[in-house]
Amino acid sequence: MLVDEKLNVTKQCTLTAQKANHILGCIKRSVASRSTEVILPLYFTLMRSHLDYCIQVWSPQHRKNMDLLEQFQRRATETIRGLEYLYYEERLRVLGLLNLEKRRLQGHLVADIQYLKGACKKAGEKLFTRACCDRTRGNGF
2 MLVDEKLNVT
12 KQCTLTAQKA
22 NHILGCIKRS
32 VASRSTEVIL
42 PLYFTLMRSH
52 LDYCIQVWSP
62 QHRKNMDLLE
72 QFQRRATETI
82 RGLEYLYYEE
92 RLRVLGLLNL
102 EKRRLQGHLV
112 ADIQYLKGAC
122 KKAGEKLFTR
132 ACCDRTRGNG
142 F
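Going by my numbering, the letters in the sequence shown line up with residues 2 to 142, in that order.
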C-alpha cells in the first residue's frame with residue numbers, strides 16, 4: 002500500500018486504476034463475444050476484486066480518487082453489447098450492480114452485521130482485554 006506523508010492514498014488508487022485498465026484492455030482484446038454472459042463473469046473474476054479491495058481498504062475520501070476507480074466499472078459495463086448506449090446508472094440497474102461507493106457501504110454493513118452476530122467475537126475480545134483487566138484491578142478508566 003502506498004501512502005504519502007499526508008496519509009494520501011492517491012498513488013495507490015492510481016496504481017489500482019492502471020491495473021484495472023490493463024485487465025480491461027486484455028478482456029477487450031482477447032474476447033470476441035460482448036454478451037453479458039461472457040463479459041460480466043470476466044469482470045467479476047479479473048477486475049472487480051481489485052476495485053473492491055481498493056475501495057474497502059483505502060476508502061478514498063477524495064472524489065477524484067473515487068471517480069478514477071469508478072470509471073473502470075463504467076467502461077466495463079459499456080463493453081456489453083446492447084447496453085453501450087444506456088446511461089451508467091441504467092446499465093448498473095439492468096446488470097444488478099451497485100456503484101463502487103455503494104459497494105463500499107455494503108461491505109461495511111456486512112462486516113458490522115457479522116460483528117454483531119458474533120462472527121468476529123474473538124477479535125472483539127482482544128480489543129477490550131486491557132480495559133476489562135484494568136477495571137477488575139480497580140484502576141478505573
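Note that CB positions come from ideal geometry on N, CA and C, so glycine has one too.
Source: prediction; values computed, not measured.
Asked: Through-space distance from residue 78 to residue 48, alpha-carbon basis; Found: 12 Å
Asked: Spatially closest choice to residue 13 from 63, 118, 37, by CA coordinates; Found: 63
Asked: Cα-Cα separation, residue 75 to residue 83; Found: 14 Å
Asked: Buried or exposed (CB count within 10 angstroms, at least 16 for buried), residue 117; Found: exposed
Asked: Beta-carbon proximity of residue 164 to residue 53, cut-off 8 Å; Found: Because the chain here runs from 2 to 142, residue 164 falls outside it and cannot be looked at.
Asked: Same chain only: Cβ atoms within 8 Å of residue 69, ignoring 5 sequence neighbours per side; Found: 14, 15, 18
Asked: Rounded straight-line distance, which links the Cα of residue 80 to that of residue 40; Found: 8 Å
Asked: Simplified DSSP assignment, three categories, for residue 54; Found: helix
Asked: Residue 100 versus residue 110: straight-line alpha-carbon distance, rounded; Found: 15 Å
Asked: Helix, strand or coil at residue 36 according to DSSP, with G and I counted as helix; Found: coil
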